[in-house]
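Peer 1:
Numbering (my numbering), first residue to last: 244 to 658.
1. Please classify residue 460: does DSSP put it in a helix, a strand, or coil?
2. Which runs of the alpha helix (DSSP H) at least 4 residues long sit entirely within the region 367-404? Give them in chain order.
3. Leaving out the 5 sequence neighbours to the left and right, which residues in its chain are closer than 7 Å to residue 250 when beta-carbon positions are compared?
4. Is it true that the CB of residue 462 sits closer than 7 Å to the CB of residue 432?
5. Tell me whether the beta-carbon of residue 268 lies closer than 7 Å to the beta-carbon of residue 279.
6. Rounded to whole angstroms, what is the Cα-Cα separation between residue 543 and residue 574?
7. From residue 564 to residue 509, what distance separates their C-alpha atoms?
8. With 16 as the cutoff for other CB atoms within 10 Å, does residue 637 come out buried or exposed?
9. Which partner residues does residue 504 have in the DSSP bridge list?
10. Apart from the five residues on each side of it in sequence, which residues of its chain come closer than 8 Å, Cβ to Cβ, to residue 553?
11. Just the C-alpha distance for residue 503 and residue 582, rounded to the nearest angstrom, thanks.
12. Could you tell me which residues DSSP puts in a beta bridge with residue 496?
13. Drop a sphere of 10 angstroms on the beta-carbon of residue 572, count the other beta-carbons inside from all chains shown, and report buried for 16 or more, exposed for fewer.
14. State buried or exposed for residue 516, treating a residue as buried only when at least 16 other CB atoms are found within 10 Å of its CB.
15. Looking at C-alpha atoms only, which residue of 385, 410 and 408 is the closest neighbour of residue 399?
16. To the nearest angstrom, how far is it from the Cα of residue 318 to the Cα of residue 599?
17. Under the assumption that residue 261 contacts residue 287 (Cβ atoms under 8 Å), give the Cβ distance between them as a whole number of angstroms.
18. For residue 269, which of helix, strand or coil comes out of DSSP?
19. Please report how far the alpha carbon of residue 660 lies from the alpha carbon of residue 290, in whole angstroms.
20. For residue 329, report the span of its beta strand (DSSP E) as first-last.
21. With three or more beta-carbon pairs closer than 8 Å as the criterion, would you say the region 627-636 touches the region 608-617?
22. Rounded to whole angstroms, what is the Cα-Cα separation between residue 601 and residue 297?
23. If you check the beta carbons only, do residue 332 and residue 658 fall under 7 Å apart?
24. Assign residue 547 to one of three DSSP states: helix, strand, or coil.
25. Is residue 592 helix, strand or coil by DSSP?
26. In three-state DSSP terms, what is residue 608?
27. Could you tell me the boundaries of the alpha helix (DSSP H) in which residue 352 lies?
28. If you run the structure through DSSP and keep just helix, strand and coil, what is residue 455?
29. Given a cut-off of 7 Å on the beta-carbon distance, is the pair residue 465 and residue 513 in contact?
30. Let me know the secondary structure DSSP gives residue 650 once reduced to three states.
31. Apart from the five residues on each side of it in sequence, which residues of its chain come closer than 6 Å, Cβ to Cβ, to residue 362?
32. Quick check on this structure: which residue in 284, 447 and 550 has the alpha carbon closest to the alpha carbon of residue 458?
33. Return helix, strand or coil for residue 261, following the three-state DSSP convention.
34. Considering only C-alpha positions, which residue in the set 339, 453 and 315 is nearest to residue 652?
35. So, are the CB atoms of residue 265 and residue 351 less than 7 Å apart?
36. Using the Cα positions of residue 541 and residue 555, report the straight-line distance between them to the nearest angstrom.
Dropping the structure here:
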C-alpha cells in the first residue's frame, strides 16, 4: 500500500537472531514461503528457489500497484519474500538437480512443500538427502503430511480449513447459526502451517549439535488446523460433545453491529462482568428483567440479551462503544479494517508498519513482525528478490561457477 501513514524505523544495522544460518526454500505455496519468511525476518540467510521463466506462482497474484499485473510487483510475493535472496533453478532437470544438491551442502535447513512421492520421483527423498547432507534439517510442509492414506492427496487452503474441523465452528459469535461453513479470511491457515514449520525447524536446528545429525520435520497443514482447535477435541473425548458454531460459546454477546462497523463482546456471564456491562450501557431498563438477573438466566436467554445489546450498540460508533466499555472494564473490542489499523495509535506505538523500497514496485508499507526483540530487532534487510536476482551471488560465489558457465546454464533454461 503506497503512501500509508507509518513511522521511521531504526535503520542502524543490527545482528539478526538467526544470523549465520542458511536456509534453502523450495516452495510454491504460501505456507512454505511464510516459514521461510519468518526465518529470514529473524536474520537467517534464506535463499528462495524459483522456476526459471515464470517464477513463483504468487508473482501472478495481486494486489499490484495501479492494478497493473507485474511479476516483480505482486503484493503477495513482496510480503511473503521480504528479506530473502532469490535464485532460479529447474530442479527437475538433472543438471539443475545436481546444482540443488550442491547448494544443500551450504545449507543448514531445506524447506519444501512437496509430497514424499514427488520428492522420491526426483531422487530427493529424505534417505537420499540424509546420506548427502547428514546435518541437514529437512522440513516438509504439505496438506496432509508425509504419512497416512491422504499423504499424496492434493488440497487447497479451503480444503484444509474444513478437513481440520474449522468450518463447523465458523462463523462464531453470530445469531444466524444455520449459515453454511466458512473459513478464516485470506491466508490464515497457510500462515499457521508456516509458523508451525518455522518453530519446528528452529527446534531441530537447536538440537542438531547435541544429536550430531539433522532430521526430517514433517508438517501437515490439516494437523495444524486441528491442533489449534484442540480444546474441542478434549470436549468430545471427555464428554462426547461435538462442538459446532451454535454451541461453541459459553458466553453472551458476540458480534454486535454499530453505526460504522462492529464490535465483539465476549463475556462468560458472571455477575461481576454483567454488572460492568450494565454500567457501560448506563443501566438501561431491560437489564433489570427477571430473566437476566442470574448467570443461568442470562445464558438460557442469550439470544434475547443479544437483541437488546444490539439496540444499544447500533446507535453508537464502534470507537464510542469501545472506549465506553474500557472505562468500565468491559471486554469489548473493535472489528478493525485495514485503514483502521494503519491509522491506529497502538500500531504506531508498536512501530508495526514500515516503508521499504523495492526496485520493481517502489516504496510500499509492510507489516513488520509480531514480536519485539531488544538486541536483535526485526529489520527490512533486503527487498523481496527480483526473479533470479541473486543467481550470480549464489551459483558463482557459493558454488564457484564461472560467469560463462552461468550464462550457458541460463541459455539452457536450467537457471
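A virtual CB, placed ideally from N, CA and C, is assigned to each residue, including glycine.
Peer 2: So, from the listed chains and residues:
1. On the chain shown, residue 460 is found 217 positions in, with the first residue counted as 1. Strand.
2. 369-375
3. Along the chain shown, read from residue 1 onward, the residue named residue 250 stands at position 7. Unreliable placement is indicated for residue 250, whose pLDDT of 47 sits below 50; the coordinate value is still reported in the next sentence. Closer than 7 Å at Cβ, skipping near neighbours: 591 and 594.
4. Locating residue 432 in the chain shown gives position 189, where the first residue counts as 1. Locating residue 462 in the chain shown gives position 219, where the first residue counts as 1. The answer is no: Cβ separation not under 7 Å.
5. Within the chain shown, the letter at position 25 stands for residue 268. Within the chain shown, the letter at position 36 stands for residue 279. Cβ atoms of residue 268 and residue 279: closer than 7 Å.
6. As a working mapping, residue 543 is identified with position 300 in the chain shown. As a working mapping, residue 574 is identified with position 331 in the chain shown. Each residue's alpha carbon lies about 21 Å from the other.
7. One-based indexing of the chain shown puts residue 564 at position 321. One-based indexing of the chain shown puts residue 509 at position 266. Per the coordinates, the alpha-carbon of residue 564 lies some 14 Å from the alpha-carbon of residue 509.
8. Taking the chain shown and counting its residues from 1, one reaches residue 637 at position 394. Answer is buried; the Cβ neighbour count reaches 16.
9. As a working note, residue 504 is residue 261 in the chain shown. 501.
10. As a first step, residue 553 is located in the chain shown; it is residue number 310 there, counting from the start. Once the five neighbours on either side are set aside, the close Cβ partners of residue 553 are 499 and 500.
11. Here residue 503 corresponds to residue number 260 of the chain shown, with the count starting at 1. Here residue 582 corresponds to residue number 339 of the chain shown, with the count starting at 1. Distance between the alpha carbons of residue 503 and residue 582: 13 Å.
12. Position 253 of the chain shown, counting from 1, holds the residue named residue 496. Beta-bridge pairing links residue 496 to 509.
13. Position 329 of the chain shown, counted from the start, is the residue given in the question as residue 572. Exposed, because fewer than 16 other Cβ atoms sit within 10 Å of the Cβ of residue 572.
14. Reading the chain shown from its first residue, position 273 is the one you call residue 516. Buried.
15. Against the chain shown, residue 399 aligns to sequence position 156. Nearest Cα to residue 399 within the set 385, 410 and 408: 385.
16. The count along the chain shown starts at 1 and reaches residue 318 at position 75. The count along the chain shown starts at 1 and reaches residue 599 at position 356. Answer to the nearest angstrom: the Cα atoms are 13 Å apart.
17. Translated into positions along the chain shown, residue 261 becomes position 18. Translated into positions along the chain shown, residue 287 becomes position 44. About 4 Å; that satisfies the 8 Å criterion.
18. Counting from 1 along the chain shown, the entry for residue 269 is found at position 26. Three-state DSSP puts residue 269 in a strand.
19. Residue 660 is absent from the model: the chain starts at 244 and stops at 658.
20. Mapped onto the chain shown, residue 329 falls at position 86. Per DSSP, residue 329 belongs to the beta strand (DSSP E) from 328-331.
21. no
22. Here residue 601 is taken as the residue at index 358 of the chain shown, counted from 1. Here residue 297 is taken as the residue at index 54 of the chain shown, counted from 1. Cα to Cα, residue 601 sits roughly 19 Å from residue 297.
23. In the chain shown, counting from the first residue as 1, residue 332 sits at position 89. In the chain shown, counting from the first residue as 1, residue 658 sits at position 415. Yes.
24. To locate residue 547, count along the chain shown from 1; it is residue 304. In the structure shown, residue 547 sits in a helix (DSSP, three-state: H, G or I).
25. Indexing the chain shown from 1 puts residue 592 at position 349. It is helical.
26. Taking the first residue of the chain shown as 1, we reach residue 608 at position 365. The answer is strand: DSSP assigns residue 608 an E or B state.
27. Sequence index remark: in the chain shown, residue 352 carries index 109 (1-based). Not the alpha helix (DSSP H): residue 352 falls in the beta strand (DSSP E), residues 352-355.
28. If you number the chain shown from 1, residue 455 lands on position 212. Three-state DSSP puts residue 455 in coil, outside helix and strand.
29. The residue labelled residue 465 in the question sits at position 222 within the chain shown. The residue labelled residue 513 in the question sits at position 270 within the chain shown. The answer is no: Cβ separation not under 7 Å.
30. Residue numbering aside, residue 650 sits at position 407 when the chain shown is read from its first letter. The DSSP-derived three-state label of residue 650 is helix.
31. For this step, residue 362 is matched to residue 119 along the chain shown. The residues are 368.
32. The residue you call residue 458 lines up with position 215 of the chain shown. Checked all of 284, 447 and 550; the closest Cα to residue 458 is 447.
33. Along the chain shown, read from residue 1 onward, the residue named residue 261 stands at position 18. Looking at residue 261 - three-state DSSP - the assignment turns out to be coil, as it is neither helix nor strand.
34. Here residue 652 refers to the residue found at position 409 of the chain shown. Of the listed residues, the one whose Cα sits closest to residue 652 is 339.
35. Reading the chain shown from its first residue, position 22 is the one you call residue 265. Reading the chain shown from its first residue, position 108 is the one you call residue 351. Yes, they are a contact pair.
36. The residue labelled residue 541 in the question sits at position 298 within the chain shown. The residue labelled residue 555 in the question sits at position 312 within the chain shown. So the alpha carbons of these two residues sit roughly 17 Å apart.
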